[in-house]
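Residue numbers (the working numbering): 31 to 631.
Given below as structure tokens:
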């Protein structure tokens, strides 16, 4: 099936070109035998090159350009050469913007050189150059739009894959997180109990008055251990999200508790720590100071938390031990440093731990700063319109401008030179109005209704100019080329607007507005097709134009609605699948919490 899709498109232009080669079809006749062989060779090269447009788009474009040059030289009047436009579209879809711009320049350059060779430096050359530039820019813009859509789909697929992976690992990750929490809580409190009891046993002969105080402290710490475990069980049963209240006070209280165990601990902590990063800081400080108490009793310790470039830099460092660790030294399970690394990684940070040159121990962690991320100047999401539009919308706007101006230039080819020079200021004014008419298309995605209104408003600048300048009828008729812009505005409203229920008036309004503007332009000087015209003629002309334009605008509006429906359905499916995966991950984590809570209780 993929092979058929890949080769069907290249065969269509080849078949169309083959029809022109059939005897009696092309008015000017078939080329000679040698030229016919060259045309057939060009068709073969073009078809083969287009077959590689998906895997090697740049090489495919080079092949189609070579085939187009060969076919144009062999049969300049009858060789169509659409392969380069198809290959340019493929380059825009599958290559970055700089590559696409260079490819666009190459195609336009080849087209312009071919037009100059075939037409010479004559008036038709300008219109041919404008048409080729507009067509190439349009193909490149459509390809860029397709590339943006495919990139969005790929991002959604990766996001969904990440959610599926999180769903599969949710129970295991929750189990590991709770194991770290249980380890930290129990190790911290039980180490305090063991150190205190060990001190009471060693001091009972020399300083018996401290024994009662040490045992009382051990009793309070044991009670705190039970309370902490009960609180942990309660947290396991609570399915609510953790709050984001400042944790600086809890961390300072934790540090002060270690100071009461007889070791000098200094701390420097910001007073507004909050969020998951602050939870990680609390857990790392607790584990690091517990390890220092366990393996370096009596040594001074330092806790330092700083903000640097949107990050939290945590350092916990202790001096070399003053006495050899005894009672608490064997409590470790070998999971302390690994648990701290896992805790840092769970919030997107990193952690290192190792000895200092002085013989102590240092733990250093770098964590994202949640408080900095919530600052008002950084929380507002700003749409990057330039990156979203990139090339697609500017290319569409430029193509509409060029094709409208090309219509003017093509019609001027039959005018005598003196007649063109006589109305040159008016022609420049008409071209300026056509450019102004197409300019709002640059914002067609971000504000489709505003663009629609601006297009209709600028359409009526033509009748005003006809009356104010005034413009002769043979020049004012060129303003009808702006109807292409109205068509694109109707499509934008349907494709990027709020849906059929609120955009249905667009085709009718555009039909009446465009027909009225064209009729006003045609009748502003009292002449239609060189004949005197009155109000009844203007009404009749507007009615006829409305009858002809209504089906076109309605069809374009329907096409935009189909594109919008397809896009909305795809996005809704991605959002639903992602939300479903995340919901299942939450349920798996909750089930694991409930199971562990029951077991721990």
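Glycine residues also receive a C-beta, built at the ideal position from the N, C-alpha and C atoms.
Since the model is a prediction, treat every value here as computed from it, not as a measurement.
Three or more pairs of CB atoms, one per stretch, sit closer than 8 Å, so the region 424 to 437 contacts the region 161 to 173. Sorting 394, 479, 534, 488 by C-alpha distance to the C-alpha of residue 526 places 479 at the top. Looking at the DSSP output, residue 331 bridges to 295, 348. A straight line joining the alpha-carbon of residue 593 with that of residue 46 spans about 28 Å. For residue 391, the enclosing beta strand (DSSP E) has its first and last residue at 391 to 398.
Residue burial annotation: residue 603 is exposed, with fewer than 16 other C-beta atoms found within 10 angstroms of its C-beta.
Judged by DSSP in its simplified three-state form, residue 303 adopts coil rather than helix or strand. The region 373 to 391 makes no contact with the region 112 to 132, as fewer than three CB pairs between them are under 8 Å. By the CB criterion at 7 Å, residue 137 and residue 114 fall inside the cutoff. With fewer than 16 other Cβ atoms from the protein chains shown falling within 10 Å of its own Cβ, residue 598 counts as exposed.
Residue pairing from DSSP places residue 343 in a beta bridge opposite 336, 396.
Between the alpha carbons of residue 177 and residue 168 lies a distance of about 14 Å. Beta bridge pairing from DSSP links residue 512 with no other residue. By the Cβ criterion, the region 542 to 554 is in contact with the region 493 to 503, since at least three pairs of Cβ atoms, one from each stretch, lie closer than 8 Å.
Here the C-alpha atom of residue 252 lies approximately 58 Å from the C-alpha atom of residue 181. Burial check for residue 42: the Cβ neighbour count within 10 Å stays below 16, so the residue is exposed. Assigned with DSSP and collapsed to three states, residue 502 falls in coil, not helix or strand.
Judged by DSSP in its simplified three-state form, residue 86 adopts coil rather than helix or strand. When rounded, the separation of the alpha-carbon atoms in residue 308 and residue 535 is 55 Å.
Between residue 174 and residue 425 a beta carbon distance of about 7 Å is seen, short of the 8 Å cut, so the two are scored as contacting. In this structure, DSSP gives residue 112 a state outside helix and strand, which the three-state scheme calls coil. Residue 623 and residue 481 have their C-alpha atoms roughly 54 Å apart. In the three-state DSSP reduction, residue 387 falls in the coil class, being neither helix nor strand. Assignment of beta-bridge partners to residue 488 by DSSP yields no partner. Bridge partners of residue 381 according to DSSP: 395. In terms of Cβ geometry, residue 332 and residue 347 form a close pair [threshold 7 Å]. Collapsing the DSSP output to three states places residue 277 in coil. Apart from the 5 residues on each side of it in sequence, residue 576 sits with its Cβ closer than 7 Å to the Cβ of 541, 542, 545 in its chain, given in chain order.
Assignment of residue 474 by DSSP, reduced to helix, strand and coil, places it in the coil class.
Between residue 601 and residue 517, the C-beta spacing is not below 7 Å. In the three-state scheme derived from DSSP, where H, G and I count as helix and E and B as strand, residue 493 is classed as helix.
Secondary structure at residue 105: coil, using DSSP grouped into helix, strand and coil. In the three-state DSSP reduction, residue 326 falls in the coil class, being neither helix nor strand. Straight-line spacing of the CA atoms in residue 93 and residue 50 works out to 22 Å. Cα atoms of residue 529 and residue 589: separation of roughly 12 Å, rounded to the nearest angstrom.
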